[in-house]
Amino acid sequence: MSTQAGRRRATTVEKNARIFAPIKAHRTFETVIERIIEAIDSQGLSEGDRLPNESEMARLLEVSRPTLRQALRVLETSGVLKIRAGQAGGVFVASEMVPVEVLGQNIALEVHHVGELIATRRIIEPIVYHLAAENASEEELDRIADAIELMRRHLGEPNMISRADGLYHRRIAHAAGNQILLRTMTGIYRDLNPLRGALSNDREHGLHMIDVHSRQLEAIRARDHEGLERMLQETFVDLEEEFKVTSRFSVRWAPREDNVSAKAPPERKRRARA
Numbered sequence: 037m038s039t040q041a042g043r044r045r046a047t048t049v050e051k052n053a054r055i056f057a058p059i060k061a062h063r064t065f066e067t068v069i070e071r072i073i074e075a076i077d078s079q080g081l082s083e084g085d086r087l088p089n090e091s092e093m094a095r096l097l098e099v100s101r102p103t104l105r106q107a108l109r110v111l112e113t114s115g116v117l118k119i120r121a122g123q124a125g126g127v128f129v130a131s132e133m134v135p136v137e138v139l140g141q142n143i144a145l146e147v148h149h150v151g152e153l154i155a156t157r158r159i160i161e162p163i164v165y166h167l168a169a170e171n172a173s174e175e176e177l178d179r180i181a182d183a184i185e186l187m188r189r190h191l192g193e194p195n196m197i198s199r200a201d202g203l204y205h206r207r208i209a210h211a212a213g214n215q216i217l218l219r220t221m222t223g224i225y226r227d228l229n230p231l232r233g234a235l236s237n238d239r240e241h242g243l244h245m246i247d248v249h250s251r252q253l254e255a256i257r258a259r260d261h262e263g264l265e266r267m268l269q270e271t272f273v274d275l276e277e278e279f280k281v282t283s284r285f286s287v288r289w290a291p292r293e294d295n296v297s298a299k300a301p302p303e304r305k306r307r308a309r310a
């Protein structure tokens with residue numbers, strides 16, 4: 037093996053070790069599914085990209101081969117992965133649009149749960165969006181725009197609209213640049229999946245979502261925190277009216293006092309993938 041090829045292999049092994057960190061507890065296939073989806077999102081992988089092979093993935097995640105295979109079967113059936121046999125085979129990304137039911141849990145849409153979920157979003161989601169406005173790279177902004185374009189492409193297809201909407205939210209959470217918030221929002225959006233099924237997903241609603249997401253992205257690109265704040269609050273009010281719940285608390289963006297007179301933030305940079 038050449039020195040250059042050896043370096044490439046070492047870099048790939050090191051990157052895989054970071055992405056597919058061991059699952060310390062609750063070694064269920066559902067946890068494996070979440071970790072694989074998180075890896076696809078965080079690395080910006082798309083159709084045709086290769087994941088580590090089965091034995092390597094099981095080793096990195098520290099799960100049994102049967103548990104991993106169960107997760108891979110679910111993701112393959114759902115159209116997220118494609119598994120090819122043979123010498124040139126392996127595990128490949130088939131689609132970055134994750135079906136709602138893959139991440140969804142069997143949570144009843146009880147009034148108190150919906151109220152708690154929306155209240156939690158009111159507290160945490162604005163922080164995520166404002167951090168994305170500050171921290172997102174050009175590549176990350178482009179990937180968020182791609183998710184909106186997927187929604188536009190699948191107008192009139194409720195299931196695909198839901199997938200693209202989930203992708204939009206996950207990419208904003210990733211662009212915030214905070215791994216703790218990313219994990220927190222992953223759990224919230226997982227719980228949110230049953231609610232998506234309860235909302236209208238007809239063409240008119242799809243057009244409304246595209247309009248809202250497009251305006252949110254414009255505000256994020258422009259670092260327009262005031263405009264972004266206004267749009268987020270409108271979204272939460274709409275959700276509360278839809279589900280007949282109210283939230284007592286909300287979080288609003290305010291710069292630190294010692295940063296009020298700071299210069300404009302630096303130009304966004306092209307950030308290499310981790």
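Just add 36 to wherever you are in the sequence shown, counting from 1, and you've got the numbering used here. A virtual CB, placed ideally from N, CA and C, is assigned to each residue, including glycine. In this text, all values refer to a predicted model and were calculated from it rather than measured experimentally.
Legend entry - Beta bridge counterpart(s) of G80 as assigned by DSSP: Your numbering for residue 80 matches position 44 in the sequence shown. Looking at the DSSP output, G80 bridges to nothing.
Legend entry - Integer-rounded CB distance, given that V110 should sit under 8 angstroms from I69: For the purposes of this step, residue 69 is identified with residue 33 of the sequence shown, where counting begins at 1. For the purposes of this step, residue 110 is identified with residue 74 of the sequence shown, where counting begins at 1. Right, the Cβ-Cβ distance comes to about 6 angstroms (below 8 angstroms), so this counts as a contact.
Legend entry - Residues near V340 by beta carbon distance below 7 angstroms, same chain, minus five either side: Lying outside 37 to 310, the shown extent of the chain, residue 340 is not represented and no answer is given.
Inset, instruction - Identify, in the order they occur along the chain, each residue of the same chain with its Cβ nearer than 8 angstroms to the Cβ of L177, setting aside the five sequence neighbours on each side. - result: As a first step, residue 177 is located in the sequence shown; it is residue number 141 there, counting from the start. A211, L253, I256, R257 and R304, listed in sequence order.
Inset, instruction - Evaluate the contact criterion for the stretch 67 to 82 versus the stretch 118 to 132: three or more CB pairs, one atom per stretch, below 8 angstroms. - result: Taking a contact to require three or more Cβ pairs closer than 8 angstroms, the stretch 67 to 82 and the stretch 118 to 132 qualify as touching.
Inset, instruction - Leaving out five residues on either side along the sequence, give the residues of the same chain with a beta carbon under 7 angstroms from the beta carbon of I184. - result: One-based indexing of the sequence shown puts residue 184 at position 148. Closer than 7 angstroms at the Cβ level, and outside the excluded window around I184, lie Y204, I246, H249, S250 and L253.
Inset, instruction - Taking only the alpha-carbon atoms, compute the straight-line gap between V273 and L87 and give it to the nearest angstrom. - result: By 1-based counting over the sequence shown, the position of residue 273 is 237. By 1-based counting over the sequence shown, the position of residue 87 is 51. When rounded, the distance between both Cα atoms is 41 angstroms.
Legend entry - Close beta carbons around R206, own chain, < 6 angstroms, minus the five adjacent residues each side: Residue numbering aside, residue 206 sits at position 170 when the sequence shown is read from its first letter. Closer than 6 angstroms at Cβ, skipping near neighbours: D77.
Legend entry - Counted within 10 angstroms of its Cβ, other Cβ atoms place R284 as buried (16 or more) or exposed: Within the sequence shown, the letter at position 248 stands for residue 284. Result: exposed.
Inset, instruction - Report the rounded CA-to-CA distance for D227 versus N195, giving the unit in angstroms. - result: Counted from its first residue, the sequence shown places residue 227 at position 191. Counted from its first residue, the sequence shown places residue 195 at position 159. Distance between the alpha carbons of D227 and N195: 17 angstroms.
Inset, instruction - Taking 8 angstroms as the cut-off, decide whether the C-beta atoms of V134 and R219 are in contact. - result: Counted from its first residue, the sequence shown places residue 134 at position 98. Counted from its first residue, the sequence shown places residue 219 at position 183. In this structure, R219 does not lie closer than 8 angstroms to V134 by Cβ.
Inset, instruction - For my contact list, Q106 and F56 are in at a C-beta cut-off of 8 angstroms; report their separation, rounded to the angstrom. - result: Counted from its first residue, the sequence shown places residue 106 at position 70. Counted from its first residue, the sequence shown places residue 56 at position 20. About 16 angstroms; that fails the 8 angstroms criterion.
Inset, instruction - Give me the Cα-Cα distance between H261 and D238, rounded to the nearest whole angstrom. - result: Here residue 261 refers to the residue found at position 225 when the sequence shown is read from its first residue. Here residue 238 refers to the residue found at position 202 when the sequence shown is read from its first residue. For H261 and D238, the distance between alpha carbons rounds to 30 angstroms.
Inset, instruction - Mind reading off the beta-carbon distance from R259 to E170? Whole number of angstroms is fine, and I expect it under 8 angstroms. - result: In the sequence shown, counting from the first residue as 1, residue 259 sits at position 223. In the sequence shown, counting from the first residue as 1, residue 170 sits at position 134. Between R259 and E170, the beta carbon gap of about 7 angstroms places them in contact (Cβ cut-off 8 angstroms).
Legend entry - Cα-Cα separation, E152 to Q123: To locate residue 152, count along the sequence shown from 1; it is residue 116. To locate residue 123, count along the sequence shown from 1; it is residue 87. Taking the straight line from one Cα to the other gives about 50 angstroms.
Inset, instruction - Return the residue from the list A290, G242 and H241 that minimises the CA-CA distance to E265. - result: As a working note, residue 265 is residue 229 in the sequence shown. Among A290, G242 and H241, the Cα nearest to that of E265 belongs to A290.
Inset, instruction - Answer yes or no: the CB of F128 versus the heavy atoms of the ligand NAD, is any distance below 7 angstroms? - result: With respect to small molecules bound, the structure shown includes none, and the ligand NAD cannot be examined in it.
Inset, instruction - For the beta strand (DSSP E) containing L117, list its first residue and its last residue. - result: Here the question's residue 117 lines up with position 81 in the sequence shown. Boundaries of the beta strand (DSSP E) around L117: L117 to R120.
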